[in-house]
Amino acid sequence: PVVLEINEAPAASISEFLDMSRGLFDVVQSSGLAPYRLNYNGDIAESGGGQFTLGGPDAEHSPFFVAPQLLSRLIVYLNHHPSLSYWFAPVYVGSYSQSPRTDENVRETFSELQVALQHLAATEAPTPEFIWRSLSPFLVDTSGNAHRSEINIEKLWNPYLPGRGCLGLVEFRAFRMAMDAESAAAIAAMLRALAVMLARQEAHPALIEWGSRLHDRFALPFYQLQDLHTVFDDLQGAGLGLGTPITRRLCSDNWRHVGDAELAGGRLDVDLAVEFWPLLGDAAEQAGGSRLVDASTRRLQLALRPCDDQDTDLDGWRLLVGNYRVPLRREQDESGVVLITGLRFRAFVPWTGLHPGLAAQTPIVLCLLPPGGENGLRCTLHDWQPEGKPYDGLPDNLDEARRRIAERFEVEEITPDQAPDAVAPPDEAVTDYCLDLRRT
2 PVVLEINEAP AASISEFLDM SRGLFDVVQS SGLAPYRLNY NGDIAESGGG QFTLGGPDAE
62 HSPFFVAPQL LSRLIVYLNH HPSLSYWFAP VYVGSYSQSP RTDENVRETF SELQVALQHL
122 AATEAPTPEF IWRSLSPFLV DTSGNAHRSE INIEKLWNPY LPGRGCLGLV EFRAFRMAMD
182 AESAAAIAAM LRALAVMLAR QEAHPALIEW GSRLHDRFAL PFYQLQDLHT VFDDLQGAGL
242 GLGTPITRRL CSDNWRHVGD AELAGGRLDV DLAVEFWPLL GDAAEQAGGS RLVDASTRRL
302 QLALRPCDDQ DTDLDGWRLL VGNYRVPLRR EQDESGVVLI TGLRFRAFVP WTGLHPGLAA
362 QTPIVLCLLP PGGENGLRCT LHDWQPEGKP YDGLPDNLDE ARRRIAERFE VEEITPDQAP
422 DAVAPPDEAV TDYCLDLRRT
């Protein structure tokens with residue numbers, strides 16, 4: 002496949018941006034192109050990054066200079082809300098991705114960023130160059146690349162980029178390509194509203210040191226969505242509510258769903274979660290601009306809740322993967338009680354990568370067992386066509402892709418004596434929010 006990068010012209014309003022985007026998507030569709038990729042096994046992936054840029058009609062009227070503390074507050078707000086980094090992100094995220102967060106850099110850098118934000122907050126009228134010089138060392142990836150950062154300020158006020166470095170622009174890179182024009186406009190509306198809210202803000206909250214919780218808790222869509230709703234609440238409280246149609250579209254995630262099964266009033270949902278792939282090898286050995294990563298680890302979200310309109314007591318339910326008991330966290334959302342965790346495993350053996358002695362751990366076999374000795378369910382998640390047959394070709398459309406995903410999730414009823422004898426996973430394989438089968 003080939004990827005085309007398309008740069009849209011600046012728009013003065015969300016309505017104008019929506020109209021332009023609709024025209025663009027119409028041209029894309031009529032040309033036989035798509036804003037997504039379909040893999041052989043049906044997995045749906047983005048076609049690339051779908052970055053958004055905020056600025057003004059000229060550099061002087063950039064919102065980041067009209068409100069000189071805006072960029073600092075934006076950095077802090079994104080630090081406080083990991084959903085803005087992961088919910089909309091492409092498949093490759095984390096420290097070595099194309100859009101790492103400021104707290105995914107080395108520890109010393111994050112500590113110095115706290116000092117820089119403190120000094121900027123104490124500066125009454127920082128100039129554009131002072132803002133850029135204060136923050137540009139921290140909006141980079143671990144190698145110091147200023148282009149690869151969740152917040153890219155290469156064109157804010159960069160005197161070393163002739164002709165286009167001092168435009169007052171800030172690019173947001175932690176976004177996959179939107180599936181349609183309306184979704185892109187919804188994201189743009191959210192970013193503009195956040196900029197307005199933070200420009201008016203007077204407080205200077207401190208950064209949060211998430212530690213291991215960042216990649217443990219917020220890898221799971223459940224916690225990302227919870228956090229995203231707090232963002233919506235903040236905007237609503239500031240008089241900048243987005244409205245139900247936009248928030249519903251921003252929360253849409255039907256591409257993440259892997260499969261589900263219902264039994265005795267309980268429902269198990271299996272969804273894709275975020276995985277943070279490590280960089281491999283010496284960068285000097287890797288030609289061109291590409292970098293080699295180990296993408297063989299996958300993470301799923303397992304969520305058990307009562308079926309719709311049922312008041313099922315989830316106490317006593319058991320979930321096994323292989324013969325390991327899966328530790329589930331009890332949480333609550335607008336639908337009620339949910340038991341939830343993440344599951345990490347090696348999906349395939351890469352041609353080169355980490356852990357040469359670790360075999361593929363697919364298919365994943367889950368057993369859901371209700372209390373009282375009733376029959377349970379065995380759910381088998383295959384990484385490929387269940388019988389191992391080759392596919393005729395790539396899916397022709399989204400419906401065919403979803404059919405291939407559905408056929409890879411097999412569900413069958415089992416009696417209690419067909420379930421494996423359950424054992425507890427080793428302590429080193431369990432975190433607060435995940436069971437890592439690679440450590441079992």
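Residue numbers for the sequence shown follow this note's numbering, so the first one is 2 and each next one is one higher.
All C-beta atoms in this analysis are idealised placements derived from N, C-alpha and C, irrespective of residue type, glycine included.
What you are looking at is a predicted structure, and each value in this text was computed from that prediction instead of being measured.
Apart from sequence neighbours up to five positions away, the residues of its chain that approach Ile406 with a beta-carbon distance below 6 Å are Gly43, ordered along the chain. Counting C-beta pairs with one atom in each stretch, the segment 176-186 and the segment 226-239 have fewer than three that are closer than 8 Å, which means they do not touch.
Rounded to whole angstroms, the gap between the alpha carbons of Phe65 and Gly166 is 14 Å. Contact check for Phe53 and Phe176: beta-carbon distance about 6 Å, within the 8 Å limit, so the pair qualifies. DSSP places Leu72 inside the alpha helix (DSSP H), whose first and last residues are 71-81. Contact between the segment 272-279 and the segment 298-318 is present, with at least three C-beta pairs closer than 8 Å. When DSSP states are grouped into helix, strand and coil, Pro307 belongs to the strand group. From the listed residues Ser98, Ala239, Asn80, Asp59, the smallest Cα separation to Leu293 is found for Ser98.
Here Asp104 is buried: its Cβ has 16 or more other Cβ atoms, across all protein chains shown, within 10 Å.
Beyond the five residues adjoining it in sequence on each side, Ser150 comes within less than 6 Å, by CB distance, of Leu140, Val141 in the same chain, given in chain order.
Boundaries of the beta strand (DSSP E) harbouring Ile415: 410-415, taken from the DSSP string. Secondary structure at His258: strand, using DSSP grouped into helix, strand and coil. Segment contact: the segment 187-207 against the segment 72-87, three or more CB-CB distances shorter than 8 Å; contact assigned. The continuous stretches of beta strand (DSSP E) do not include Phe131, which lies in the alpha helix (DSSP H) extending over residues 129-136. Within the segment 110-180, the complete beta strand (DSSP E) segments at least 3 residues long are 171-173, listed from N- to C-terminus.
Ranked by Cα distance from Leu359, the options Ile365, Arg347, Val29, Asp309 are led by Arg347. Leaving aside the five residues that flank Gly56 on each side, the residues in its chain whose CB is nearer than 6 Å to its CB run, in chain order, Ser63, Gly169, Leu170.
Within the same chain, Cβ atoms closer than 6 Å to the Cβ of Asp384 are found at Ala348, Thr363, the five residues on either side in sequence being excluded. Relative to the Cα of Asp20, the nearest Cα in the group Gly373, Trp318, Ala189 belongs to Ala189. Boundaries of the beta strand (DSSP E) harbouring Ala46: 45-47, taken from the DSSP string. Contact between Arg409 and Leu382 holds: CB atoms are separated by about 7 Å, below the 8 Å threshold. Just so you know, the alpha carbons of Asn40 and Ala402 end up roughly 8 Å apart.
Note that the segment 116-131 does not touch the segment 14-31; fewer than 3 beta-carbon pairs, one per stretch, sit closer than 8 Å. If you compare the alpha carbons of Asp59, Trp158, Glu109, Gly51 with that of Phe89, the shortest gap goes to Gly51.
Pairwise C-beta distances place the segment 238-246 out of contact with the segment 327-342, as fewer than three of them are shorter than 8 Å. About 6 Å separates the CB atoms of Leu71 and Leu199; that is less than 8 Å, so the two are in contact. With respect to Leu215, Arg108 sits apart: the two C-beta atoms are not nearer than 9 Å.
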